[in-house]
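**Q**
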Amino acid sequence: MKTNTLSKEAETRLLDFFNHIIDPEDMAKVLRQVNCILALAVMRQHETLQIGLNNFEDNYYWLNELAEILNPYLCEE
């Protein structure tokens, strides 16, 4: 797994974004909705094609991971 470190400026900007602009739970909800819409669109457009499927699966996974970090309701009982 590849790990990248954020610069202090990027860290500060992300904290400002989530502390002042959007609620993390709302952002997680939007990410999940967008992820679902994109998945449906890709599946409908490429039902039998394998073009970009691996890339799409990776992107789908990472968007869900980000949503879980912002609002971890999938881990709740």
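Numbering (this note's numbering), first residue to last: 28 to 104. No residue lacks a Cβ here, since even glycine has one placed at the ideal position from N, Cα and C.
For L97, which residues in the same chain have their Cβ closer than 6 angstroms to its Cβ, ignoring the five residues on either side in sequence?
**A** Cβ within range, chain order: P51, M54 and A55.
**Q** Which term fits A68, buried or exposed, when burial requires 16 or more other beta carbons within 10 angstroms of its beta carbon?
**A** exposed
**Q** Once the 5 residues before and after A94 are set aside, which same chain residues still bring their CB inside 6 angstroms of it?
**A** A55, L58 and R59
**Q** Do Y87 and A66 have their beta-carbon atoms positioned less than 8 angstroms apart in this structure?
**A** yes
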